[in-house]
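Trainee: The numbers in UniProt numbering rise by one with no breaks, and the one at position 105 of the sequence shown is 105.
Just so you know, even glycine gets a beta-carbon here, dropped at the ideal spot from N, CA and C.
Keep in mind it's a predicted model, so treat the numbers as computed, not measured.
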Amino acid sequence: MTDKSTASPSTTAQDAELIGPDRTLLLVDDDAPFLRRLARAMEARGFSVDIAESVAEGIAKAKGNPPKYAVIDLRLGDGSGLDVIEAIRGRRDDTRMIMLTGYGNIATAVNAVKLGAVDYLAKPADADDIFAALVQRQGERVEPPENPMSADRVRWEHIQRVYEMCERNVSETARRLNMHRRTLQRILAKRAPK
Numbered sequence: 001m002t003d004k005s006t007a008s009p010s011t012t013a014q015d016a017e018l019i020g021p022d023r024t025l026l027l028v029d030d031d032a033p034f035l036r037r038l039a040r041a042m043e044a045r046g047f048s049v050d051i052a053e054s055v056a057e058g059i060a061k062a063k064g065n066p067p068k069y070a071v072i073d074l075r076l077g078d079g080s081g082l083d084v085i086e087a088i089r090g091r092r093d094d095t096r097m098i099m100l101t102g103y104g105n106i107a108t109a110v111n112a113v114k115l116g117a118v119d120y121l122a123k124p125a126d127a128d129d130i131f132a133a134l135v136q137r138q139g140e141r142v143e144p145p146e147n148p149m150s151a152d153r154v155r156w157e158h159i160q161r162v163y164e165m166c167e168r169n170v171s172e173t174a175r176r177l178n179m180h181r182r183t184l185q186r187i188l189a190k191r192a193p194k
């Protein structure tokens, strides 16, 4: 899965130094294209990546070989990523875990941190943000993003996420978003805002 063309040798050596000797990373997400892209990007930075697309698979891999690093989606098709955090923490107490979610709220962020996550990132998080959160040393401050998403982009991302959850059913998506069906169709037909 390693794609050498996406990373320069000097970047990989610097990244490997930040990662340390144990380079194991477990990625748990049910969005297969995102999971594959993130796995390639993390391998290019020097991690030894293992992937899981469900809570059950994530727990099994965590119990079999608990990783030093983990990036876990909060909501998965078969349950909550918090269960994977608990399984990892039960086997290894030094794992640096990052919780990813498209549904950011304070209660789940607090719960994730209590269970052992070191950070909580909103989707769509890019590989650079995830890498920085994984290798951040205790006490370091996180730099705010230079170009945060616009309100229009955040709204569009949320609509896309709900649309995918509804298996691309426009009527069901409109009902869940409390939006007129035709309005939703117009939004879906447009390109993503910047």
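Buried or exposed for R96, please, with buried defined as at least 16 other CB atoms from any protein chain shown within 10 angstroms of its CB.
Mentor: Buried, since its Cβ has 16 or more Cβ neighbours within 10 Å.
Trainee: Pick helix, strand or coil for R75, following the three-state DSSP scheme.
Mentor: In the structure shown, R75 sits in a strand (DSSP, three-state: E or B).
Trainee: So, do the region 43-51 and the region 72-81 have three or more beta carbon pairs nearer to each other than 8 Å?
Mentor: In short, these stretches do not touch, since the Cβ pair count stays below three.
Trainee: Just to confirm, is the Cβ distance from L134 to I159 under 8 Å?
Mentor: No, the pair does not count as a contact, with Cβ atoms beyond the cut-off.
Trainee: Please list the terminal residues of the continuous alpha helix (DSSP H) segment that includes S171.
Mentor: 170-177 is the span of the alpha helix (DSSP H), which, as asked, contains S171.
Trainee: If we count Cβ pairs, one from each stretch, closer than 8 Å, do we get three or more for the region 54-66 versus the region 79-95?
Mentor: Segments in contact, yes.
Trainee: Applying the criterion that 16 or more other CB atoms from any shown protein chain within 10 Å of the CB defines a buried residue, is G81 buried or exposed?
Mentor: Buried.
Trainee: Would you report the Cα separation of R181 and Q136, rounded to the nearest angstrom?
Mentor: Using only the alpha carbons, I get a separation of about 44 Å.
Trainee: Return the first residue and the last residue of the alpha helix (DSSP H) that A125 is part of.
Mentor: Segment: none, A125 is in no alpha helix (DSSP H) and carries neither H nor E.
Trainee: To the nearest angstrom, report how far apart V28 and V71 are at their CA atoms.
Mentor: Roughly 6 Å between the two C-alpha positions.
Trainee: Here's the rule: buried if 16 or more other CB atoms are within 10 angstroms of the residue's CB, otherwise exposed. What is F151?
Mentor: The amino acid at residue 151 is misidentified as Phe; the sequence shows Ala. Flag for A151 reads exposed.
Trainee: In angstroms, rounded to a whole number, what distance separates the CA positions of A39 and L26?
Mentor: One C-alpha to the other measures close to 9 Å.
Trainee: Starting from I51, follow its DSSP beta bridges and name the residues at the other end.
Mentor: The partner list for I51 (beta bridge, DSSP) reads L27.
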